[in-house]
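S.K.: In our numbering, the protein residues as written are 1292 to 2022.
#1: Reducing DSSP to helix, strand and coil, say where residue 1317 ends up.
#2: Unbroken alpha helix (DSSP H) runs of length 4 or more, entirely within the region 1509-1579: which are they?
#3: Helix, strand or coil for residue 1771? Go by DSSP, reduced to three states.
#4: Give every residue of the same chain whose Cβ lies closer than 8 Å to the Cβ of residue 1964, excluding the five residues on either side of it in the sequence, and list them in chain order.
#5: What are the start and end residues of the beta strand (DSSP E) that includes residue 1641?
#6: Residues in the same chain with beta-carbon distance under 8 Å from residue 1610, minus the five sequence neighbours each way, listed in chain order, please.
#7: Taking the alpha helix (DSSP H) that residue 2014 falls in, what are its first and last residues?
#8: What does DSSP give as the partner residue(s) for residue 2003 in the beta ladder?
#9: Could you tell me the distance, in whole angstroms, from the CA atom of residue 1492 to the CA atom of residue 1531?
#10: Give the secondary structure of residue 1792 by DSSP, where H, G and I count as helix, E and B as strand, and everything else as coil.
#11: Is there contact between the region 1618-1625 and the region 1719-1731, where contact requires at least three CB pairs shorter than 8 Å?
#12: Take residue 1359 and list the residues in its own chain whose beta-carbon comes closer than 8 Å to its own, dropping the five residues that flank it on each side.
#13: Just how far apart, CA to CA, sit residue 1523 and residue 1859?
#14: Taking 7 Å as the limit between beta carbons, can you name the residues of its chain near residue 1597, skipping five residues before and five after?
#15: Less than 8 Å between C-beta atoms, sequence neighbours within five positions excluded: which residues of the same chain meet that for residue 1410?
#16: Give the straight-line distance between the Cα atoms of residue 1548 and residue 1406, rounded to the nearest whole angstrom.
#17: If you follow the alpha helix (DSSP H) that residue 1868 is part of, which residue opens it and which one closes it?
#18: For the beta strand (DSSP E) that contains residue 1373, what are its first and last residues?
#19: For residue 1482, write down the residues that DSSP places opposite it in a beta bridge.
#20: Which one of 1650, 1677, 1763 has the shortest CA to CA distance from residue 1725?
#21: Checking 8 Å against the spacing of the C-beta atoms, do residue 1558 and residue 1682 come in under that value?
#22: Is it true that the region 1901-1918 meets the region 1953-1973, where meeting means three or more beta-carbon pairs spaced less than 8 Å apart?
#23: Which ranges would you report for the beta strand (DSSP E) in the region 1635-1723 if only whole runs of at least 3 residues count?
#24: Could you spell out where the alpha helix (DSSP H) holding residue 1753 opens and where it closes?
#25: Rounded to a whole number of angstroms, what is the C-alpha to C-alpha distance between residue 1680 and residue 1700?
#26: Under a Cβ-count criterion, where at least 16 other Cβ atoms within 10 Å of its own Cβ denotes burial, should residue 1984 be classed as buried or exposed?
#27: Counting only the same chain and skipping the five closest in sequence on each side, list residues whose C-beta sits under 6 Å from that of residue 1633.
#28: When you compare each of 1675, 1988, 2002, 1953 to residue 2014 by their alpha carbons, which one comes out closest?
#29: Grouping DSSP H, G and I as helix and E and B as strand, with all else coil, what is residue 1816?
#30: In this structure, how does DSSP classify residue 1994 when only helix, strand and coil are distinguished?
#31: State whether the region 1833-1843 contacts the region 1888-1896, with contact taken as three or more CB pairs (one from each stretch) at a distance under 8 Å.
#32: Hey, how far is the Cα of residue 1823 from the Cα of residue 1967?
#33: At a threshold of 7 Å, does residue 1742 count as lining the ligand SAM (C-beta to nearest heavy atom)?
#34: Under 8 Å between the Cβ atoms of residue 1453 and residue 1500?
#35: Just curious, the alpha helix (DSSP H) that residue 1910 is in, first and last residue?
#36: Going by the CB atoms, is the gap between residue 1417 and residue 1400 shorter than 8 Å?
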């Protein structure tokens, strides 16, 4: 690489996204006091650019505008320019995205916002092309017009920004109305199911025509709806919708058939041509969904997909210290000599390339059949490429193939006169060869930032997979990651979580000079992970830490007036709005997940005020839950759990005893959305016994491992038969 001509302040940052812009001719500042003071002192507007390191259009805008010397000079002359990594600072991102969505009707990244020196937004958008086009004003023009406005009409701009801020404060407020109580669960569940059912794609699964997103929150809701309506036609349909969607995704191009794991989303209806970046939060949530699908259906197909996701994460997104990296980019160099990156280059194939890699004749198949013939037929490969030009506006995928399982193994086997078992071995051999060939290509950029929240989602993925598939190594990997969080993303002196840490030189783990404090989502997803890890490992230390973090979350984020939790702490003067997220998206909103966390916490601790808090959250969101529950499917699911009362499944026995293990296996193999599991091992000095004194009164029957199903700390008669226990576990 040549010596960079420019270096700005971002060179001192840890975020991979900020470091990508450290050699732009733009005089970038990170979000902070130095930039704010400069804007005030020089009476300059702020240009705020928000993105993330694996964002395709962020790369495009950097190449076109931020690397341009001429545009850089305009930016430096008229504005104080600030770069923010949205994954590092979701609080800043959310405030200004609320503004952009309210004023333009859309949003996305890169986000471009112009602020007054006191940080109030007055103009914004997303990606801007550098020059004027037929349909869009260019970035250069926008910069010059806004600079002119500030010179000529400063007072009008300041007045307008104040009005905008007041309107945003009013519209973004979520609080309890009067004496409101949690909404009626049956109506909310049924409405949400009907709304999802109407948007469901009967042919290909998923909940829109295109683009198509994995939306684990919808699938999680459908599994719970099925569990509570097993004997009804609606329950059967909910299960069919979820399982069909998961099957079609696994067959599709959104699933990386060679390198494992799932891409971000599909640009078409068929789950075929994806947007190629891979995000940690998708892998974590999808590992849970495929584990549940296996638990419910017993179909090994789903268990294989779980193993596939966790293999990818263990190999490509894991730090040697135990944490998980954030993402892999969509763009990469097609060859080692290429000058320009292309989207999907690491993952796509030309037919000619596949024929050269798979030339071997297949014994016992129709005469003349090669491995290439079998593989290309099964994965929909076409000589001229299989990507619809409409889905490839920049022609980056012209002549290339995105692999998609077009046929069932039975049909492919029949086509070439093969036994299905033999076909499976042949396809596996082909995939391994392609994997070796792909390893010679330049890899996409890896974002080695490690976030508490997303690590929490991935720990849940490993822990729940470990219990559903009875794979101890997955539970051990979850425990290793949780220990990493406790070492690197938790401050024992303050008892608080930190947001992020980074892979440093020599593979060390580094922290920012001023560490970013954890946000609500960090607490919520880590607490959920620790509960999942306790149920998988039965190590009470994880439970103890989870309850400590729940107390801390209450202290930092609870809104005692309007109820529910704010996304951020109070007291940061640079944040103009203190918001509560009101939509489950790629990740569930923290208030949705925290309802179930609070109910679980109450079951493990006996603190019934947590149940009361859960009810208050549902009350605060009651109007939205009743009108448009489809925007909060995870909270709708939590509403049902709240009203059905969680079952405490308590097993009295030696955790190492075979009879106890048999009972644990039974509990873990059944999907029940409203249960918590604990083992009373007779250690009266242990953490659980101190929290729940009533455990001392539960005994083994006839010296055998004995199960009790308790509700609100009132327990059933003892059960020693696994069959009887299984029957009692259904909701």
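Even glycine gets a Cβ: it sits at the ideal position worked out from N, Cα and C. This structure is a prediction, so every number in the text was calculated from the model and none was measured.
M.R.: Considering the structure as presented:
#1: In the chain shown, the residue the question calls residue 1317 occupies position 26. Coil.
#2: Runs of the alpha helix (DSSP H) inside the region 1509-1579: 1524-1542.
#3: In the chain shown, the residue the question calls residue 1771 occupies position 480. In this structure, DSSP gives residue 1771 a helical state, which the three-state scheme calls helix.
#4: Mapped onto the chain shown, residue 1964 falls at position 673. Contacts found: 1514, 1515, 1518, 1519, 1928, 1931, 1932, 2022.
#5: Counting from one through the chain shown, the residue named residue 1641 turns up at place 350. That residue, residue 1641, is in no beta strand (DSSP E); it is neither H nor E in DSSP.
#6: Within the chain shown, numbered from 1, the residue matching residue 1610 stands at position 319. Here residue 1610 has 1616, 1739, 1741, 1775, 1794, 1798, 1800 as same chain residues with Cβ atoms under 8 Å from its own Cβ, once five neighbours each way along the sequence are excluded.
#7: Position 723 of the chain shown, counted from the start, is the residue given in the question as residue 2014. Its alpha helix (DSSP H) spans residues 2013-2019.
#8: In the chain shown, counting from the first residue as 1, residue 2003 sits at position 712. None, per the DSSP bridge assignment.
#9: Against the chain shown, residue 1492 aligns to sequence position 201. Against the chain shown, residue 1531 aligns to sequence position 240. Rounded to the nearest angstrom, the two C-alpha atoms are 12 Å apart.
#10: Taking the chain shown and counting its residues from 1, the one referred to as residue 1792 is at position 501. Strand, per DSSP.
#11: no
#12: As a position in the chain shown, residue 1359 is number 68, starting the count at 1. Closer than 8 Å at the Cβ level, and outside the excluded window around residue 1359, lie 1316, 1421.
#13: Within the chain shown, the letter at position 232 stands for residue 1523. Within the chain shown, the letter at position 568 stands for residue 1859. Cα to Cα, the separation comes out at about 42 Å.
#14: As a first step, residue 1597 must be located in the chain shown, where it is residue number 306. For residue 1597, where only same-chain residues beyond five positions count, the Cβ hits under 7 Å are 1578, 1581, 1582, 1585, 1756, 1760.
#15: Translated into positions along the chain shown, residue 1410 becomes position 119. Excluding residues within five positions, the ones whose Cβ falls inside 8 Å are 1327, 1337, 1865, 1867.
#16: Locating residue 1548 in the chain shown gives position 257, where the first residue counts as 1. Locating residue 1406 in the chain shown gives position 115, where the first residue counts as 1. Taking the straight line from one Cα to the other gives about 45 Å.
#17: Looking up residue 1868 in the chain shown gives position 577. No alpha helix (DSSP H) holds residue 1868; DSSP gives it neither H nor E.
#18: For the purposes of this step, residue 1373 is taken as residue 82 along the chain shown, with counting starting at 1. Here the beta strand (DSSP E) through residue 1373 covers 1370-1376.
#19: As a working note, residue 1482 is residue 191 in the chain shown. None, per the DSSP bridge assignment.
#20: Your numbering for residue 1725 matches position 434 in the chain shown. Here the closest residue by C-alpha is 1650.
#21: Position 267 of the chain shown, counted from the first residue, corresponds to residue 1558. Position 391 of the chain shown, counted from the first residue, corresponds to residue 1682. Yes, the Cβ-Cβ distance between residue 1558 and residue 1682 is below 8 Å.
#22: no
#23: none
#24: Position 462 of the chain shown holds residue 1753. Segment 1743-1760, the alpha helix (DSSP H) holding residue 1753.
#25: The count along the chain shown starts at 1 and reaches residue 1680 at position 389. The count along the chain shown starts at 1 and reaches residue 1700 at position 409. Cα to Cα, the separation comes out at about 28 Å.
#26: As a working note, residue 1984 is residue 693 in the chain shown. It is exposed - the Cβ of residue 1984 has fewer than 16 other Cβ atoms within 10 Å.
#27: Counting from 1 along the chain shown, the entry for residue 1633 is found at position 342. Closer than 6 Å at the Cβ level, and outside the excluded window around residue 1633, lie 1625, 1687.
#28: To locate residue 2014, count along the chain shown from 1; it is residue 723. For residue 2014, the nearest C-alpha among the options comes from 1953.
#29: Sequence index remark: in the chain shown, residue 1816 carries index 525 (1-based). Looking at residue 1816 - three-state DSSP - the assignment turns out to be helix.
#30: Here the question's residue 1994 lines up with position 703 in the chain shown. The answer is coil: DSSP assigns residue 1994 none of H, G, I, E or B.
#31: yes
#32: As a working note, residue 1823 is residue 532 in the chain shown. As a working note, residue 1967 is residue 676 in the chain shown. Those two C-alpha atoms are separated by around 9 Å.
#33: This structure does not include the ligand SAM; it has no bound ligands of any sort.
#34: Within the chain shown, the letter at position 162 stands for residue 1453. Within the chain shown, the letter at position 209 stands for residue 1500. Result no, Cβ atoms of residue 1453 and residue 1500 do not sit closer than 8 Å.
#35: As a first step, residue 1910 is located in the chain shown; it is residue number 619 there, counting from the start. That run of the alpha helix (DSSP H) goes 1900-1911.
#36: As a position in the chain shown, residue 1400 is number 109, starting the count at 1. As a position in the chain shown, residue 1417 is number 126, starting the count at 1. Yes, the pair counts as a contact, with Cβ atoms nearer than the cut-off.
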